[in-house]
Amino acid sequence: MRQALVVFSSYHFAANSDTLLTQAKVKHTLIPTPLQIGSFCGLCLLVDLAEVRQILALFRDNKISVGGLYEQCDEKWQRVSLLPYIEFTEE
Amino acid sequence: MITVDARGQACPEPVILTKKAMEENPQKSLVTIVDNIVSANNVEKLGKSRFYTVRKEERDNLFYVHLISATTEPEVLQPVTKSAEGAVMETTFSRGRILLLSKDYLGEGSEELGRNLMKTFLYALGETYTLPRQLLLINGAVRMTATDSPCLPLLVGLAEKGVAIEICGICLDFYGLKESLSVGHITNMYTIVETLTKEEVVVL
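Those protein sequence lines, which keep their order, are chains A and B.
Read left to right, the first sequence gives residues 2 to 92 (our numbering).
Read left to right, the second sequence gives residues 819 to 1022 (our numbering).
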């Protein structure tokens, strides 16, 4: 199962996202941001790649700002665009 | 062979009786008979901490814990190997390193922050190649063993990697978690005191 990392610009976004996904019963793990990625806020979420679209939609609805998305390639984390995972809705 | 009959004795009495028999009969092998698994496990731990070779058997609803006196120093824990990025790396068990956790959050200040720090601490601990030998959970830390705790899968992961998770039985009773325990082993205050006074412990 492929995994992804969601990083945040502040502790509060990371903590709120952890609470939100727990309440929504979405599988995730709050982990320290891997050194390879950089510090950001120091916390990030390890999630299933297959669930990123649903997770980002939840974050959007709950006004949680995401700092970036990483996918694991050859044992390393590689930053990827958020665009393929965002659902655009007509206002 | 010295026989310690601790049938019908509540914990920690079997441990106390066994300990007394050990001290009165140095270099001799013993067998302690108990009627419950928790006492058997605690006597087993006592034996191992004192470098006896331990063999446990169950017969007719009784547990016989054979403690064979050691004449030589115990073997140092053998490191297990773990493959990472094509290289074989060693996982080192710091033989003397035990982490004592007394609450379910890390540090002082905001408990909310501390709970998130604890989750990330346990995750990072599982990722390191230098695993602790034992996590000793007392008081509020035992809440991390609750089935709805986000820390439970992390503790299970550490246990699967060979880290002994020892949990205070009094504390599990207090928090009403004894019956639902799904990770680690129940320990008692005598074993905890012995650990804290004999081993290298890091208090968190």
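Built from N, CA and C at the ideal position, the CB exists for glycine as well.
None of these values were measured; they are calculated from a predicted model.
What is the rounded straight-line gap between the Cα of residue i and the Cα of residue j?
| i | j | result |
| --- | --- | --- |
| A:C42 | B:Y993 | 34 Å |
| A:L50 | B:V1021 | 37 Å |
| B:L999 | B:S887 | 32 Å |
| B:S920 | B:D991 | 15 Å |
| A:H29 | B:C969 | 12 Å |
| B:M962 | A:A16 | 18 Å |
| B:G980 | A:R61 | 41 Å |
| B:S928 | B:L935 | 10 Å |
| A:R3 | B:V856 | 41 Å |
| A:L6 | B:E926 | 28 Å |
| B:A964 | A:A58 | 30 Å |
| B:K866 | A:S10 | 49 Å |
| A:Q55 | A:T20 | 15 Å |
| A:L47 | B:E1018 | 33 Å |
| A:C74 | A:I38 | 13 Å |
| B:T948 | A:F89 | 46 Å |
Using CA coordinates, which residue listed in the options is at the minimum distance from residue i?
| i | options | result |
| --- | --- | --- |
| B:E1012 | B:V861, B:G975 and B:I855 | B:V861 |
| A:L84 | A:G68, A:L46, A:L44 and A:I32 | A:G68 |
| B:I956 | B:D922, B:S967 and B:F869 | B:D922 |
| B:F869 | B:S847, B:E876 and B:E875 | B:S847 |
| A:I87 | A:P35, A:S66 and A:L22 | A:S66 |
If I follow the unbroken beta strand (DSSP E) through residue i, where does it start and stop?
| i | result |
| --- | --- |
| B:A916 | Here residue 916 of chain B is Ile; the residue named in the question, Ala, does not match the sequence. Counting along the chain, the beta strand (DSSP E) containing B:I916 begins and ends at A905 to L919. |
| B:V960 | Element bounds for B:V960: n/a, residue is neither H nor E. |
| B:F881 | L880 to I886 |
| A:P33 | H29 to P33 |
| B:K837 | From DSSP, B:K837 is part of no beta strand (DSSP E) but of the alpha helix (DSSP H) over E831 to E842. |
Start and end of the alpha helix (DSSP H) containing residue i?
| i | result |
| --- | --- |
| A:R61 | V53 to D62 |
| B:L1022 | Neither: B:L1022 is in no alpha helix (DSSP H) and is coded neither H nor E. |
So if I threshold CB-CB distances at 8 Å, which residues from the segment 48-82 of chain A count as touching chain B? Of all residues in the segment 48-82 of chain A, only E76 place a beta-carbon less than 8 Å from a beta-carbon of chain B.
Does the pairing of the segment 978-988 of chain B with the segment 998-1007 of chain B give three or more beta-carbon distances under 8 Å? With a cut-off of 8 Å on Cβ pairs, the segment 978-988 of chain B is in contact with the segment 998-1007 of chain B, counting three or more such pairs.
At a CB distance below 9 Å, what residues from the segment 954-977 of chain B approach chain A? Give them in sequence order. P968, P971 and L972
Against chain A: residues of the segment 857-879 of chain B by CB proximity under 8 Å: none
Counting Cβ pairs, one atom from each stretch, are 3 or more of them under 8 Å apart for the segment 875-882 of chain B and the segment 845-859 of chain B? yes
Pull out every residue of the segment 935-946 of chain B whose Cβ sits closer than 7 Å to any Cβ of chain D, in chain order. Among the protein chains in the structure shown, which are A and B, there is no chain D.
Name the residues in the segment 9-21 of chain A whose C-beta lies less than 9 Å from a C-beta of chain B; which are they? Within the segment 9-21 of chain A, Y12, A15, A16 and D19 place their CB atoms closer than 9 Å to a CB of chain B, listed in sequence order.
Compile a chain-ordered list of the residues in the segment 19-38 of chain A whose CB is closer than 8 Å to at least one CB of chain B. D19, T23, T30, L31, I32 and P33
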